[in-house]
Amino acid sequence: MRFKRKIKSEELFKTIELTPLIDCVFLLLIFFMLTSSFILVPGINVKLPKAVTSQQISIQRVVIVVTSEDIIYFEDKPVTLKELFKILKEKKAESVFIKADKDASLGRIVEIWDICKKLGIDKIGIATTYKEEK
Numbered sequence: 238m239r240f241k242r243k244i245k246s247e248e249l250f251k252t253i254e255l256t257p258l259i260d261c262v263f264l265l266l267i268f269f270m271l272t273s274s275f276i277l278v279p280g281i282n283v284k285l286p287k288a289v290t291s292q293q294i295s296i297q298r299v300v301i302v303v304t305s306e307d308i309i310y311f312e313d314k315p316v317t318l319k320e321l322f323k324i325l326k327e328k329k330a331e332s333v334f335i336k337a338d339k340d341a342s343l344g345r346i347v348e349i350w351d352i353c354k355k356l357g358i359d360k361i362g363i364a365t366t367y368k369e370e371k
């Protein structure tokens, strides 16, 4: 005489409990949120002008920042036009990226542009943010 065996493992796999899995996922999420550190990008805070023809530019070697008060910064240090000329000449820069505040005077940007041209730098870019057309 053969008895039917009740296999409990089959009954266990009919429904999978997701509650412990969800608890583990939430614990991991909380752990990573509490242990992660956010890094602020250092630099001078400027409001970039908007342009319809903005493009993504690869990393530039030389970045010059002009604030709304027309103060020129190179590597987060304020410099004069004469100092900027010397720095660019020493660095033998091939390309320059000007990151000017939208309220900076055009005259200051043109002065920087002229310095670059005097040193033979032909690749000069100006940072903008994308402006959607209406």
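Remember, the working numbering sits 237 above the position in the sequence shown when you count from 1.
Ideal Cβ placement from N, Cα and C applies to all residues, glycine included.
What would DSSP say about Lys-339, mapped onto helix, strand or coil? Secondary structure of Lys-339 (DSSP, three-state): coil.
Find the nearest neighbour of Lys-319 within the set Thr-365, Ser-342, Cys-353 and Leu-271, judged by alpha-carbon distance. For the residues Thr-365, Ser-342, Cys-353 and Leu-271, the minimum Cα distance to Lys-319 belongs to Cys-353.
How about Val-333 and Ile-361: are their beta carbons less than 8 Å apart? Cβ distance < 8 Å, so Val-333 and Ile-361 count as in contact.
Alpha carbon to alpha carbon, what distance is there between Leu-325 and Lys-339? Lys-339 and Leu-325 have their alpha carbons spaced roughly 24 Å apart.
Rounded distance between the beta-carbons of Ala-364 and Ile-346, thought under 8 Å: That belief does not hold up - the Cβ atoms of Ile-346 and Ala-364 are roughly 11 Å apart, past 8 Å.
Candidates Val-299, Met-270, Phe-322 and Lys-323: which alpha carbon is nearest Glu-312's? Nearest Cα to Glu-312 within the set Val-299, Met-270, Phe-322 and Lys-323: Val-299.
Quick check on Val-316 - is its C-beta less than 8 Å from some C-beta in chain C? Judged by its chain identifiers, the structure shown contains no chain C, having just a single protein chain.
Exposed or buried, which one is Leu-321 when buried takes at least 16 other CB atoms within 10 Å? Here Leu-321 is buried, its C-beta having at least 16 other C-beta atoms within 10 Å.
If I measure Cβ to Cβ from Val-303 and keep anything under 8 Å in the same chain, skipping five residues before and after, which residues do I get? For Val-303, the CB contacts under 8 Å within the same chain, skipping 5 residues up- and downstream, are Val-283, Ile-309, Tyr-310, Ile-335, Lys-336, Ala-337, Asp-338, Ala-341, Arg-345, Ile-346 and Ile-349 in chain order.
Report the option in Glu-306, Leu-343, Ile-358 and Asp-351 whose CA atom is closest to the CA atom of Lys-328. Checking every option, the nearest Cα to that of Lys-328 belongs to Ile-358.
Rounded to whole angstroms, what is the Cα-Cα separation between Leu-356 and Ser-305? One C-alpha to the other measures close to 26 Å.
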